[in-house]
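Okay, so the sequence shown: first residue is 3 according to the numbering used here, each after it adds one.
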Amino acid sequence: MEDPVNTINELCAVSAKEMRDLQQKVQILEDVVFTVFERGTKPTSKEFQALQDFDLVSQTLAGMSQFYDRVGELAEETGTADLVQASEALTLEKLRNRLSSNA
Numbered sequence: 003m004e005d006p007v008n009t010i011n012e013l014c015a016v017s018a019k020e021m022r023d024l025q026q027k028v029q030i031l032e033d034v035v036f037t038v039f040e041r042g043t044k045p046t047s048k049e050f051q052a053l054q055d056f057d058l059v060s061q062t063l064a065g066m067s068q069f070y071d072r073v074g075e076l077a078e079e080t081g082t083a084d085l086v087q088a089s090e091a092l093t094l095e096k097l098r099n100r101l102s103s104n105a
């Protein structure tokens, strides 16, 4: 059986990185939105591409919620937080890979 402290440390490290990445994406989105509003014109193609990250942020947050729900269920069932097993149901492959890898 894995050491629960290591599992929790891994979970915290992976989660913290995901949150930092999301924060950076949201900051970029905020900057783009303010620029477009201040300028008062339609977004450029580059800005429009950046705005599409809203969907990615939303999907990532939904995936993280699903992941944490599953980690909690597994911890209750088995006494350990199996990151790989908890990530198996995630549909975002890149997120699943990041969450299931060792931090």
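Each residue gets a CB set at the ideal place from its N, CA and C atoms; glycine is no exception. Just so it is clear, the structure is predicted and the values come from calculations on it, not from any experiment.
Suppose the cutoff is 7 Å on Cβ atoms and the five residues either side in sequence are ignored; what does the same chain contact list for residue i look like?
{"i": "PHE56", "result": "LEU31"}
{"i": "ASN11", "result": "none"}
Are residue i and residue j touching if we call contact CB-CB under 7 Å?
{"i": "ALA83", "j": "LEU13", "result": "yes"}
{"i": "SER102", "j": "LEU85", "result": "yes"}
{"i": "PHE69", "j": "SER47", "result": "no"}
{"i": "VAL38", "j": "ALA52", "result": "no"}
Got a sec? Which residues, its chain only, sit under 6 Å from residue i by beta carbon, not counting five neighbours each side?
{"i": "GLY65", "result": "LEU92, LEU94, LEU97"}
Take residue i as the anchor and find which of the options has the nearest alpha-carbon.
{"i": "LEU63", "options": "VAL34, GLN51, VAL28, GLU49", "result": "VAL28"}
{"i": "SER60", "options": "GLU20, ALA15, GLU79", "result": "GLU20"}
Only counting the same chain, and skipping five residues up and downstream in sequence, which positions put a Cβ closer than 8 Å to that of residue i?
{"i": "GLN87", "result": "ARG72, LEU76"}
{"i": "GLU40", "result": "none"}
Unbroken stretches of the alpha helix (DSSP H), 4 residues or longer, contained in the region 15 to 82: 47 to 53, 55 to 80
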